[in-house]
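Engineer: Residue numbers (the working numbering): 141 to 453.
Note that CB positions come from ideal geometry on N, CA and C, so glycine has one too.
For clarity, every value in this text was computed on a predicted model and none was experimentally measured.
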Amino acid sequence: MSRLQVETTPLTAPSGDAATWVDVIKAYVALTKPRIIELLLVTTAPAMFLAAGGVPNLMLVFWTLVAGALAAGSANVFNCVLDRDIDEKMRRTRRRPMPRHQVQPLHGTIFGIVLGIAATVLFAVFVNWLSAVLALAANAFYVLVYTMWLKRTMSQNIVWGGIAGCFPPLIGWTAVTGSVALPPLILFAIVFLWTPPHTWALAFRYREDYANAGVPMLPVVMSAPRVAWRILIYSVLMVAVSMTLWPAAGTGWLYPLVAGLGGAVFLVEAVNLLRRARAGALDAALKPMRLFHWSNSYLALVFLAAAIDPLIF
């Protein structure tokens, strides 16, 4: 059976009964991975405030976030369709709509295409074509390069595949200014360097899942201490790059204070993870989710500080 061939399994609710329209909506919404969309929008809106040097046009913010959410949702839907064989083998993902046969692959593909077209039209009409092109480039990279190639073949998959998740700050900045500058490139770099520690920490937690699915995530193919060293190196680089936004964007004291303190906590968690790995801790004893959860908070705080700083100074 080809990946996009229609399956004959009917859509069913978790109880096994025929699905209601609410179940159908929930299944399609789940395909878009709303929690990932939230994280991407957290890096889009602050870039708009920073670009405007204050409060940008709120309607522009609205349409940029709506279009960005649709674009990210489109990429995530394609990811769910293409990775359904992997998702079915992993505890973390086997309850997604595709492994549970709640949505047929062809229908999911059509849904992803519709979301992508809608995002492009909204960007072009209400924002600008540069932002539309950047969103399309991010989606194409995530689906064609990461999902269809890197994820299944390279241990460094997330390092390069994570580039797709770095585009939202560029999109937010270009939505306001119509051009690219140094500050959004620094924000891009922060997300790029943040992605490996964030993802490898999660991969530690689900190492057996990735191994069973045949996905060569770094914690699957490399010893825990060596992975932890790489997490620490990327974390140091991330914190160092984050501090360069201070002179590049001419921020006040709030941004460097938040970035510095948040980065210090991040580094402490990375060092502690390395210490536990070198001591021979595995799985739950390694406590990788401490770093993972803090990485989410760190990214939100740094970008929030970047947005608030121009409102104060």
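Report yes if the CB atom of Phe218 is closer than 8 Å to the CB atom of Leu342, and no otherwise.
Structural biologist: Residue numbering aside, residue 218 sits at position 78 when the sequence shown is read from its first letter. Residue numbering aside, residue 342 sits at position 202 when the sequence shown is read from its first letter. No, they are not a contact pair.
Engineer: Is Pro309 helix, strand or coil when you go by DSSP?
Structural biologist: Here the question's residue 309 lines up with position 169 in the sequence shown. Correct three-state label for Pro309: helix.
Engineer: Thinking just about the alpha-carbon of each residue, which of Arg175, Thr204, Ile176 is nearest to the one in Pro186?
Structural biologist: The residue you call residue 186 lines up with position 46 of the sequence shown. The shortest C-alpha separation from Pro186 is found at Thr204.
Engineer: Quick one: what does DSSP say His433 is sitting in, helix, strand or coil?
Structural biologist: The residue you call residue 433 lines up with position 293 of the sequence shown. Residue state, collapsed to three classes: helix.
Engineer: Check whether the Cβ atoms of Ala445 and Ala389 lie closer than 8 Å to each other.
Structural biologist: The residue you call residue 445 lines up with position 305 of the sequence shown. The residue you call residue 389 lines up with position 249 of the sequence shown. No, Cβ-Cβ distance for Ala445 and Ala389 is not below 8 Å.
Engineer: Can you tell me which of the three DSSP states Trp334 falls into?
Structural biologist: Your numbering for residue 334 matches position 194 in the sequence shown. The answer is helix: DSSP assigns Trp334 an H, G or I state.
Engineer: In angstroms, rounded to a whole number, what distance separates the CA positions of Trp300 and Leu439?
Structural biologist: Taking the sequence shown and counting its residues from 1, one reaches residue 300 at position 160. Taking the sequence shown and counting its residues from 1, one reaches residue 439 at position 299. Rounded to whole angstroms, Trp300 to Leu439 spans 19 Å at the Cα level.
Engineer: Measuring alpha carbon to alpha carbon, tell me which residue in Phe453, Arg236, Ser382, Leu310 is nearest Gly402.
Structural biologist: Within the sequence shown, residue 402 is the residue found at index 262, counting from 1. Closest option to Gly402, Cα to Cα, is Ser382.
Engineer: Can you tell me whether Leu422 is helix, strand or coil according to DSSP?
Structural biologist: For the purposes of this step, residue 422 is identified with residue 282 of the sequence shown, where counting begins at 1. Coil at Leu422, not helix or strand.
Engineer: In three-state DSSP terms, what is Val243?
Structural biologist: The count along the sequence shown starts at 1 and reaches residue 243 at position 103. If DSSP states are grouped into helix, strand and coil, Val243 belongs with coil.
Engineer: Please name the residue in Tyr168, Phe307, Leu422, Thr287 whose C-alpha comes closest to that of Leu327.
Structural biologist: Numbered from its first residue, the sequence shown carries residue 327 at position 187. Comparing Cα-Cα distances from Leu327 to each of Tyr168, Phe307, Leu422, Thr287, the minimum goes to Phe307.
Engineer: For Pro309, tell me which candidate among Val361, Thr184, Val221, Trp386 has the shortest Cα-Cα distance.
Structural biologist: If you number the sequence shown from 1, residue 309 lands on position 169. Considering only alpha carbons, the answer is Thr184.
Engineer: Identify whether Phe189 lies in helix, strand or coil by the three-state DSSP scheme.
Structural biologist: Taking the sequence shown and counting its residues from 1, one reaches residue 189 at position 49. Here Phe189 sits in helix by DSSP.
Engineer: Could you give the distance in angstroms between the alpha-carbon of Val221 and the alpha-carbon of Arg292?
Structural biologist: Here residue 221 is taken as the residue at index 81 of the sequence shown, counted from 1. Here residue 292 is taken as the residue at index 152 of the sequence shown, counted from 1. Approximately 15 Å between the Cα atoms of the pair.
Engineer: Over what stretch of residues does the alpha helix (DSSP H) that includes Tyr168 continue unbroken?
Structural biologist: Walking along the sequence shown from the start, residue 168 turns up at place 28. Taken as a continuous stretch (DSSP letters only), the alpha helix (DSSP H) holding Tyr168 covers 161 to 171.
Engineer: For Trp269, which residues in the same chain have their Cβ closer than 7 Å to its Cβ, ignoring the five residues on either side in sequence?
Structural biologist: Within the sequence shown, residue 269 is the residue found at index 129, counting from 1. Taken in chain order, the list of residues that qualify is empty.
Engineer: Check whether the Cβ atoms of Gly392 and Met188 lie closer than 8 Å to each other.
Structural biologist: Here the question's residue 392 lines up with position 252 in the sequence shown. Here the question's residue 188 lines up with position 48 in the sequence shown. No, the pair does not count as a contact, with Cβ atoms beyond the cut-off.
Engineer: Using only the alpha-carbon positions, how far apart do Arg415 and Val360 sit?
Structural biologist: Taking the sequence shown and counting its residues from 1, the one referred to as residue 415 is at position 275. Taking the sequence shown and counting its residues from 1, the one referred to as residue 360 is at position 220. Whole-angstrom Cα-Cα distance: 19 Å.
Engineer: So, are the CB atoms of Pro324 and Tyr374 less than 8 Å apart?
Structural biologist: Residue numbering aside, residue 324 sits at position 184 when the sequence shown is read from its first letter. Residue numbering aside, residue 374 sits at position 234 when the sequence shown is read from its first letter. Not in contact: Pro324 and Tyr374 (Cβ atoms no closer than 8 Å).
Engineer: Who are the near neighbours of Leu333 in its chain, counting only those whose CB is closer than 7 Å to its CB and skipping five residues on each side?
Structural biologist: Translated into the one-based positions of the sequence shown, residue 333 becomes position 193. Around Leu333: Tyr374, Leu377, Met378, Val381.
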